[in-house]
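When the letters of the sequence shown are read in order and numbered with mature numbering (1 follows the signal peptide of the UniProt record, and there is no 0), they come out as residues -22 to -1, 1 to 131.
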Amino acid sequence: MTPAVARLLFFQLVLEPTLILGINLQHAIKNFEHIFIDFPRVEYSNNFQGYCNGIMGYVRGRMQRWDCPKIHYVVHVSFKSIQKYCKHTEDFCESYNQYCTLTKDSFPLTICQLIDKQPPTSCYYNTTLSNHQLYLLCSRQYDAEPIDIIGLF
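Structure follows, in structure tokens:
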């Protein structure tokens, strides 16, 4: 095998999955601020029939999903207020294969929950305002960025 072929094979088998993983992780980091943070809170017109119906249309478009997520959390503080919790975490969430952390502070948020028993092409949500601590999924153990909200406490 020539050195050029060996290098090409190495790139395809070893580095390409790493590059793809890195691209997906960068996408998740960028998306976090756009789909989980709404600060200051946007007001939607009455045509949307509630805050969650408006924001979930945007979230589904941003995530490029045709289905209706059953639940989604939208936090009403600045990204920097949440970002600091992922800077150092000792917790590894095996079910997600990522590092995770629980915020020490509670944050104002909106919980958007899909209304049951509706046609499969419809996405209508109940809107609940609340304050909770967040379980965050982080991009790595140290100097990390939040990539998802996996629950509330």
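Beta carbons: idealized from backbone N, C-alpha and C, even for Gly. Everything numeric in this text was worked out from a predicted model, so none of it was measured.
query, result
"F131 in three-state terms, based on DSSP", "coil"
"DSSP three-state assignment for H66, whether helix, strand or coil", "strand"
"With 16 other Cβ atoms within 10 Å as the buried cut-off, status of D45", "exposed"
"Candidates G32, S84, S23 and E11, of which the one nearest Y102 by Cα", "G32"
"For F57, the first and last residue of its enclosing alpha helix (DSSP H)", "F57 to Q61"
"Extent of the continuous beta strand (DSSP E) to which I49 belongs", "I49 to V53"
"Best match in L92, P97 and L114 for proximity to N104 [C-alpha to C-alpha]", "L92"
"For C30, the first and last residue of its enclosing alpha helix (DSSP H)", "Y29 to M41"
"Sub-8 Å separation of Y51 and F14 beta-carbons", "yes"
"Integer-rounded CB distance, given that L80 should sit under 8 Å from S108", "Not a contact, Cβ separation roughly 16 Å."
"C-beta contact flag for L3 and S117 at 8 Å", "yes"
"Nonlocal neighbours in the same chain, by C-beta distance under 6 Å from L112, ignoring five residues either side", "T81 and I127"
"Neighbourhood of I7 by C-beta distance below 7 Å, restricted to the same chain and skipping five residues each side", "S117, E123 and I125"
"Q4 (DSSP reduced to helix, strand or coil)", "helix"
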